[in-house]
Amino acid sequence: MYNLIYISTATNLFTEYELMDLLDASRANNLKHNVTGMLLYAEGTFIQVLEGDLEQVNKVLAKIANDRRHKNIIELASGPVEKRNFPDWSMGFASVNADILKEFEGYVNPVDKDFIKTNNTNAAVVMLKSFAENNKLN
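Reminder that position 69 of the sequence shown reads as 69 in the UniProt record's numbering, one-by-one numbering, no gaps.
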């Protein structure tokens with residue numbers, strides 16, 4: 001089992017309709033590759049965890065990298081994991097105001113320049129899991 005965490009910036013702010021369109025396509029693609037994970041969108045920033053077989057995660061990431069709807073993809077962490085953190089979701093998803101995230105365990109601000117310099121990847125997963133456990137996801 002392999003896990004990859006990245007952040008990226010939307011080229012334009014997404015409408016709810018555009019986010020749902022992205023989510024539908026992501027879920028179909030992830031299901032095809034047996035990849036699970038969590039995608040959080042907050043005010044033009046995406047943070048995503050992808051989980052699955054190394055080759056399949058890389059295929060999904062390659063497709064993401066070619067998507068013109070976002071830019072500045074920064075891989076925060078990747079490597080083997082014992083088990084999936086988000087086993088039940090082809091892609092858990094939420095669109096939130098960044099201030100809401102501060103309420104959740106393990107809060108990290110992925111757009112803070114110091115986030116990338118420190119080892120906050122476990123904190124990012126903790127925050128996403130906490131958010132998912134406390135909110136209804138689409």
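In this text, a Cβ means the ideal position worked out from N, Cα and C, and glycines have one as well.
Quick caveat: nothing in here was measured; it's all calculated off a predicted structure.
If you ignore the 5 residues before and after Glu75, its C-beta comes within less than 7 angstroms of the C-beta of Leu4, Tyr6, all in its own chain and listed in chain order. Note on geometry: alpha-carbon atoms of Val49 and Tyr17 lie some 22 angstroms from one another. Boundaries cannot be given for Glu43, as no alpha helix (DSSP H) includes it and DSSP labels it neither H nor E.
Under DSSP, Ser78 takes part in a beta bridge, and its partners are Leu4.
Residues Thr9, Ala10, Leu13 of the same chain have their beta carbon placed closer than 7 angstroms to that of Gly44, with the five preceding and five following residues left out of the count.
Rounded to whole angstroms, the gap between the alpha carbons of Pro87 and Thr36 is 6 angstroms. Beta-bridge pairing by DSSP links Thr15 to no other residue. Counting along the chain, no alpha helix (DSSP H) covers Lys83, and no H or E run does either. Around the beta carbon of Asn85, a 10 Å sphere encloses 16 or more other beta carbons of the protein chains shown; the residue is thus reported as buried. By DSSP's assignment, Val49 forms a beta bridge with Ile5, Met38.
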